[in-house]
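Everything on this sheet refers to the single structure shown next.
Number of protein chains: 2
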Amino acid sequence: MAVRKISLLDPIACCSPVRADVLDEEQAALLASSFAALADPIRLRLLSFIAASGADEVCACDLLEPSGRSQPTVSHHMKILVDAGLIERDKRGLWVWYRLVPSRLDALRSVLG
Amino acid sequence: MAVRKISLLDPIACCSPVRADVLDEEQAALLASSFAALADPIRLRLLSFIAASGADEVCACDLLEPSGRSQPTVSHHMKILVDAGLIERDKRGLWVWYRLVPSRLDALRSVLG
DNA sequence: CGATTAGATCGACAGATGTCAATGCACATT
DNA sequence: AATGTGCATTGACATCTGTCGATCTAATCG
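Read top to bottom, the protein sequences are chains A and B. So for the first sequence, the numbering used here puts the first residue at 1; every next one is plus one. So for the second sequence, the numbering used here puts the first residue at 1; every next one is plus one.
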């Protein structure tokens, strides 16, 4: 079994709610990069598309048409979401499957509270 | 009494939770610009500084030193936060006072849920 | 009025970001 | 092995963003 990987961007390991304490520079940088992943309409739509699909996983091939962007562009955005820890990537055969990481959205949400 | 002003950026008038439905392009653009306001470490620190101050309002003059940025830069960031509806601006005499708009943080947070 | 002060705006610049065509790579199928 | 397919990477480009010095504006004070 793989070692649990703690991302540098993990808000769980980062910050108390924004409204409670003054963030230090490191905390602020980590949080800012997380929010930056959400600061693009295409990425928000990709995220919500996966969430609303009903399925646990969504194939990368099914993200092209609804996003209205080229394949390299979608791949680029998905990488940003994966790097932010908001979604997980799983390659099986020729296809790549993505699934949400609900705990990360929860963590970000709690930072806002 | 003033008419209730619905900002174009108001998530309340915008979006159901990201995880529930696929966002249309307009909703995604509005939300993305809101998150973009949070996607900068200086702005997050300014926000949390005001929140953690204990006071209802904070003078702009007190934001310079803790932010470690120049006066034009801080002014620039505060404008972005105000435009995003996260902060309100009130000029009285020579000074400008800022206060949080808690409902906006709540609204953004609910979008993440 | 003139001088002073707090904050906004302007202008310029470097660096980041979104985009796509072209290409590369890993896997599957024949 | 050769071919085909799905996705990532590269390279190039235009645009956006953060930054600060210089300047402008509005309010205050002599």
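Note that the Cβ used here is the ideal one computed from N, Cα and C, for glycine as well.
What are the residues in the stretch 21-45 of chain B lying within 7 Å of chain A by C-beta distance? Listed in sequence order: D21, V22, L23, E25, A28, A29, L31, A32, F35, A36, L38, A39, D40, P41, L44, R45.
Between which two residues does the beta strand (DSSP E) holding A:R92 run? On the first sequence, position 92 is the one that residue 92 of chain A refers to. Note, A:R92: beta strand (DSSP E), 87-92.
Span separating the alpha-carbon of A:L100 from that of B:K91: Residue numbering aside, residue 100 of chain A sits at position 100 when the first sequence is read from its first letter. Residue numbering aside, residue 91 of chain B sits at position 91 when the second sequence is read from its first letter. Here the alpha carbon of A:L100 sits roughly 44 Å from the alpha carbon of B:K91.
DSSP-derived helix/strand/coil call for A:L100: Taking the first residue of the first sequence as position 1, residue 100 of chain A is located at position 100. Annotated three-state conformation of A:L100 is strand, per DSSP.
Could you check whether the Cβ of A:G93 sits closer than 9 Å to any Cβ belonging to chain B? For the purposes of this step, residue 93 of chain A is taken as the residue at position 93 of the first sequence. The beta carbon of A:G93 does not come within 9 Å of any beta carbon belonging to chain B, so the residue lies off that interface.
Run through chain B and tell me which residues come within less than 9 Å of A:R99, C-beta to C-beta. Counting from one through the first sequence, the residue named residue 99 of chain A turns up at place 99. Neighbours of A:R99 across chain B, judged by C-beta separation under 9 Å, do not exist; the nearest C-beta is about 12 Å away.
Exposed or buried, which one is B:L47 when buried takes at least 16 other CB atoms within 10 Å? Within the second sequence, the letter at position 47 stands for residue 47 of chain B. Buried, because 16 or more other Cβ atoms sit within 10 Å of the Cβ of B:L47.
Would you verify that the beta carbon of B:D62 is, or is not, closer than 9 Å to some beta carbon of chain A? Here residue 62 of chain B refers to the residue found at position 62 of the second sequence. Among the residues facing chain A, B:D62 is not included, as its CB has no counterpart in that chain under 9 Å away.
Would you mind working out which of B:A36, B:P17, B:L31 sits nearest B:I80, comparing C-alpha positions? Along the second sequence, read from residue 1 onward, the residue named residue 80 of chain B stands at position 80. Measuring from the Cα of B:I80, the nearest candidate turns out to be B:A36.
Please compile the residues from chain A whose C-beta is within a distance smaller than 8 Å of the C-beta of B:S75. The residue given as residue 75 of chain B occupies position 75 in the second sequence. Residues of chain A passing the Cβ test: none, with the nearest at roughly 19 Å.
Quick check: the stretch 19-36 of chain A against the stretch 17-31 of chain B, are at least 3 beta-carbon pairs closer than 8 Å? As far as the Cβ criterion goes, the stretch 17-31 of chain B does not touch the stretch 19-36 of chain A, which means the pair count is below three.
Quick one, are the C-beta atoms of B:L112 and A:D106 less than 9 Å apart? Numbered from 1 along the second sequence, position 112 holds the residue referred to as residue 112 of chain B. Numbered from 1 along the first sequence, position 106 holds the residue referred to as residue 106 of chain A. Pairing B:L112 with A:D106 gives a Cβ-Cβ distance under 9 Å.
Inter-residue Cα distance where the pair is B:I50 and A:Y98: The residue given as residue 50 of chain B occupies position 50 in the second sequence. The residue given as residue 98 of chain A occupies position 98 in the first sequence. Straight-line Cα distance between these residues: approximately 38 Å.
For A:C61, is the classification buried or exposed, using 16 other Cβ atoms within 10 angstroms of its Cβ as the cut-off for buried? The sequence position of residue 61 of chain A within the first sequence is 61, counting from 1. Exposed is the call here.
Could you list which residues in chain A have their beta carbon closer than 7 Å to that of B:G126, in chain order? In the structure displayed, chain B extends from 1 to 113; residue 126 of chain B sits before or after that span and is not available.
Roughly how many angstroms separate the alpha carbons of A:S83 and A:V96, rounded to a whole number? As a first step, residue 83 of chain A is located in the first sequence; it is residue number 83 there, counting from the start. As a first step, residue 96 of chain A is located in the first sequence; it is residue number 96 there, counting from the start. According to the sequence as given, residue 83 of chain A is Asp; it is not Ser. The straight-line gap from Cα to Cα measures roughly 15 Å.
Residues of chain A with CB under 9 Å from B:A51, in chain order? Numbered from 1 along the second sequence, position 51 holds the residue referred to as residue 51 of chain B. Within chain A, the residues near B:A51 are P17, V18, R19, A20, D21, V22.
Using a 10 Å radius around the Cβ and a threshold of 16 neighbouring Cβ atoms, would you call B:R4 buried or exposed? Counting from 1 along the second sequence, the entry for residue 4 of chain B is found at position 4. At B:R4, the pLDDT of 38 sits below 50, so the modelled position is not reliable; the number obtained from the coordinates is stated separately. Classification for B:R4: exposed.
Are the beta-carbon atoms of A:L86 and A:L31 separated by less than 9 Å? By 1-based counting over the first sequence, the position of residue 86 of chain A is 86. By 1-based counting over the first sequence, the position of residue 31 of chain A is 31. Not closer than 9 Å, so no.
When the Cα atoms are used, what is the spatial distance from B:P66 to A:S110? Walking along the second sequence from the start, residue 66 of chain B turns up at place 66. Walking along the first sequence from the start, residue 110 of chain A turns up at place 110. As the crow flies, the alpha-carbon of B:P66 is around 25 Å from that of A:S110.
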